[in-house]
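Numbering-wise (my numbering), the sequence shown opens with residue 12 and increments by one.
Note that CB positions come from ideal geometry on N, CA and C, so glycine has one too.
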Amino acid sequence: MADKYTEEEINAIKDKILGALENVIDPELGIDIINLGLVYEISFEDNGFTEIKMTLTTMGCPLADLLTEQIHDALKEVEEVGEIKVNLVWYPAWTVDKMSRYARIALGIR
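This is the structure in structure tokens:
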């Protein structure tokens, strides 16, 4: 069976997913999860299965369910995405070094 999408198309879909995830805002910090550096990996398969491998700023973060729900809502905007799995990982541990320049400036971190 031939692949449904070319590698180029998969990369374009991942870009759309990335764009959608920029709309998921961490309510405590007011910055999106992409610029915070919380998303470590985006996997997309031909059948639409999408896995987001991400972490949180702290292990006991009470926002895990809220952020997961927001991710599901945001990815509804990407028509190629079917089943979604959000996989929380704790390694490597998140540090402020993973934040974008934009996020650092917005939060006053040098």
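By DSSP's criteria, residue i is part of a beta bridge. Which residues make up the other side?
i	result
Thr61	Phe55, Ile95
Asp26	DSSP output for Asp26 lists no bridge partner at all.
Asp108	Per DSSP, none; premise fails for Asp108.
Ile36	Asp43
How many Å lie between residue i and residue j at the Cα?
i	j	result
Trp105	Tyr16	33 Å
Glu80	Asp57	23 Å
Lys27	Arg112	21 Å
Val97	Ala117	26 Å
Met65	Asn22	19 Å
Cys72	Glu52	20 Å
Glu18	Phe55	11 Å
Gly59	Ile45	21 Å
Leu40	Arg121	16 Å
Lys25	Leu86	11 Å
Thr69	Glu90	32 Å
How far does the alpha helix (DSSP H) with residue i in it reach, from first residue to last?
i	result
Tyr16	Where Tyr16 is concerned, there is no enclosing alpha helix (DSSP H), given that its DSSP letter is neither H nor E.
Thr69	First-last for Thr69: undefined, no H or E at that position.
Thr79	75-86
Ala122	The requested residue 122 is not part of the displayed model; the chain covers only 12 to 121.
Here's the rule I'm using: 16 or more other beta-carbon atoms within 10 Å means buried, otherwise exposed. How should residue i be labelled?
i	result
Leu29	exposed
Leu77	exposed
Asp84	exposed
Glu50	A small correction: the amino acid at residue 50 is Val; Glu does not occupy that position in the sequence shown. Label assigned to Val50: buried.
Gly48	buried
Asp14	exposed
Asp108	exposed
Val35	buried
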